[in-house]
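Under the UniProt record's numbering, the residues of the sequence shown are numbered 1 to 489, in order. Positions of the beta carbon are idealized from the N, C-alpha and C atoms, including for glycine. Quick caveat: nothing in here was measured; it's all calculated off a predicted structure. Some notes on the structure that comes next.
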Amino acid sequence: ERLTPTSRGRESEDDHRPREVGVNLSGRHMHLGVHPSVPQEDLQVGRTVAVNDQLLVVDTLPPPQTGETVTLDEVLGPTRVLATSASGSERVLTLASHLDAAGLKPGDTLAADLRADVVTAVVERTSVEQLVVTETPDVSWEDIGGLGAQIQEIRDALELPFKHPGLYRSYGLRPPKGLLLYGPPGCGKTLIAKAVATSLASTTHGGSRSPAFLNIKGPELLSKFVGETERQIRAIFEQARKAAAEDRPVVVFFDEMEALFRTRGTGVSNDVETTIVPQVLAEIDGVEALRNVLIIGASNREDMIDPAVLRPGRLDLKIRIERPDAVGAEEILAKHLTAELPLDPAELAAHRGDRAATAAALRRAAIDALYARTAGTAVLEVVYVDGTIETLHLSDLVSGAMLAAVVARAKTASIKDELAGGSGGLSTARVLEAVAAEARRSEEVTGANTPEGWTRVLGGRRGVVRSVRRLGPRPTGTRGRRPGGTQVR
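Dropping the structure here:
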């Protein structure tokens, strides 16, 4: 049974009278006698005691670590707190004697015995605590290819205020609090966010402070329980404040931002965004008083994000991350297909042993295959809601992730050839085979089955998609093949 706040053990002036403690026995508050063998110092609030058939306390057990979870709202004193239970009701609870009120803060999760009105333990919510990446992200601007103009715009907006704070103060300018990266998937939005964290670390304090990078994926915060998502948002920004208090640069990165901060009033169920969006707006506005805190959002559907989140003063900088063109694609391939890799002996001989020229020729072969705009590379006919019809070629679906996958596939083929006794090494034939295989794979798995899904894949390049028709026969093994293409509505 659980000892209650009146249970510290009391003894009358007559030492021969038995001691009494207040306990919660099956939901009833009772005063029970204590056997003389039980030490007085063991009778502490929140302890579990053993009771014999004569309702006499005969032993004490270690403090329990279990109970119903509640959320701390306010510390009322050294021994009392105000907390909210899962049902939404507020309760004034007493802290067990082994808990210190000074170490608690609003938003903490506690375990409590609500029948006894006693908090028994503090619960560490690792799902939120582990969002902080304490080590420095290992991505620099030099690791990102094909986005030179966007990177320069980001660096001008984010690095200059930290390099020249006095100059910015003289002009009355404040550093931006937020950055929105939007565009099709797989084009480097997450890499840019990590590079921002690395850049801020090197810019502030001469690089002596490691950044805190909080990588938040929007869908993982959504919960069916009322108020749970808002609690996690508060916990995330509390972690940001903690790291900022240590004078460290902090980047809070929200991936799939449209899943979490959808425009209010567009929900088809309980419209949870009506409470989530105001919560994050309050947190973003609260970041103004902090230093070295930057909020970065990434989205494939920026048109679905609530306008209040995107207004100036919250996410000040908005940059579209486009699919790479041929020049950008060659820069990206240069990061993955380098002269230091094993190269096919015949290819090397054709270039007189020049490894750099051989690698460049392999990259050029991949670019020519991916960016040729012929009838054979046409993959989609897209009809937008405004009536515009557009034919998309393979080059319109290329992303940085796809280019990396092409090189990885060619490397795998070279390894298998070498294990089978062949010469191994990267060759033009293997690179072109990898391009063809990755193109087929991209058409299979990238192709959404709804216009909304295709709008996400295309990154809203011209608006919302009404229908999509696949050009030519579908890849082998898929169902529903039709001559002349397949319609998606």
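Check, Outcome
"What residue from Asp354, Val464, Ser399 and Lys194 has the CA that sits closest to Ile367's CA?", "Ser399"
"Are Glu412 and Ala298 close, meaning C-beta to C-beta below 8 Å?", "The sequence given here has Thr at residue 412, not Glu. No."
"Going by the beta-carbon positions, is the gap between Ile296 and Val196 smaller than 8 Å?", "yes"
"Count the other CB atoms within 10 Å of the CB of Tyr182; is the residue buried (16 or more) or exposed (fewer)?", "buried"
"Look at the alpha carbon of Asp354 and the alpha carbon of Glu347, and state the distance between them as a whole number of angstroms.", "10 Å"
"Since Phe213 is in the beta strand (DSSP E), which residue starts that stretch and which ends it?", "Ala212 to Lys217"
"Just to confirm, are Gly77 and Pro63 a CB contact at a threshold of 8 Å?", "no"
"If you reduce the DSSP assignment to three classes, tell me which class Val435 lands in.", "helix"
"Quick check on the burial criterion: 16 or more other C-beta atoms within 10 angstroms. Buried or exposed for Arg470?", "buried"
"Taking the beta strand (DSSP E) that Gly297 belongs to, which residues open and close that run?", "Val293 to Ser299"
"Give the C-beta separation of Gly88 and Met402 to the nearest angstrom, bearing in mind that I take them to be a contact with Cβ-Cβ under 8 Å.", "Not confirmed; about 47 Å, so no contact."
"Let me check understanding here. Comparing Cα to Cα, which of Val122, Thr66, Thr229 and Ala83 lies closest to residue 493?", "Here the chain comprises residues numbered 1 to 489, so residue 493 is not present and cannot be evaluated."
"Tyr371 lies in the alpha helix (DSSP H); which residues open and close that run?", "Arg355 to Tyr371"
"State buried or exposed for Phe254, treating a residue as buried only when at least 16 other CB atoms are found within 10 Å of its CB.", "buried"
"Pick helix, strand or coil for residue 572, following the three-state DSSP scheme.", "Any question about residue 572 goes unanswered here, given that the chain covers just 1 to 489."
"Assuming Thr69 and Thr94 are in contact, meaning their beta carbons sit under 8 Å apart, how far apart are those beta carbons, in whole angstroms?", "At roughly 17 Å, the Cβ-Cβ gap does not stay under 8 Å, so Thr69 and Thr94 are not in contact."
"Rounded C-beta distance between Val293 and Val250? I'm assuming under 8 Å.", "5 Å"
"Give me the Cα-Cα distance between Leu341 and Ala408, rounded to the nearest whole angstrom.", "12 Å"
"I need the boundaries of the alpha helix (DSSP H) containing His336, first residue and last residue.", "Ala326 to His336"
"Where in the stretch 26 to 99 do unbroken runs of the beta strand (DSSP E), each at least 3 residues long, occur, reported from the N-terminal end onward?", "28 to 34, 48 to 51, 56 to 61, 68 to 75, 80 to 84 and 90 to 95"
"Please confirm whether Leu214 and Ile192 have their CB atoms less than 8 Å apart.", "no"
"Drop a sphere of 10 angstroms on the beta-carbon of Glu438, count the other beta-carbons inside from all chains shown, and report buried for 16 or more, exposed for fewer.", "buried"
"Alpha carbon to alpha carbon, how far is Asp306 from Ala282?", "14 Å"
"Would you mind stating whether Glu238 and Gly107 have Cβ atoms separated by less than 8 Å?", "yes"
"Look at the alpha carbon of Gln152 and the alpha carbon of Leu394, and state the distance between them as a whole number of angstroms.", "28 Å"
"Buried or exposed: where does Lys224 fall if 16 or more other Cβ atoms within 10 Å of its Cβ makes it buried?", "exposed"
"Looking at the secondary structure, which residues open and close the alpha helix (DSSP H) in which Arg234 lies?", "Glu228 to Ala245"
"Which residues in the same chain have their Cβ closer than 7 Å to the Cβ of Ala369, if we skip the five residues on either side of it in sequence?", "Leu432 and Val435"
"Short check: CB of Thr66 to CB of Asp42, under 8 Å?", "no"
"Please determine, among Pro137, Ala420 and Lys163, the residue with the shortest C-alpha to C-alpha distance to Thr198.", "Pro137"
"Evaluate Ala116 with the Cβ neighbour count: other Cβ atoms within 10 Å of its Cβ, from every protein chain shown; 16 or more gives buried, anything less gives exposed.", "buried"
"Could you tell me the distance, in whole angstroms, from the CA atom of Ala329 to the CA atom of Glu381?", "23 Å"
"Taking Lys194 as the reference, give the member of Ala111, Ile144, Ser170 and Pro165 with the closest Cα.", "Ile144"
"Based on DSSP bridge pairs, tell me the residues matched to Ser467.", "Val383"
"Taking only three categories from DSSP, how would you classify Tyr182?", "strand"
"Could you check the C-alpha separation between Gly163 and Ala339 for me, to the nearest Å?", "Reading off the sequence, residue 163 comes out as Lys, not Gly. So the two alpha carbons sit approximately 36 Å from each other."
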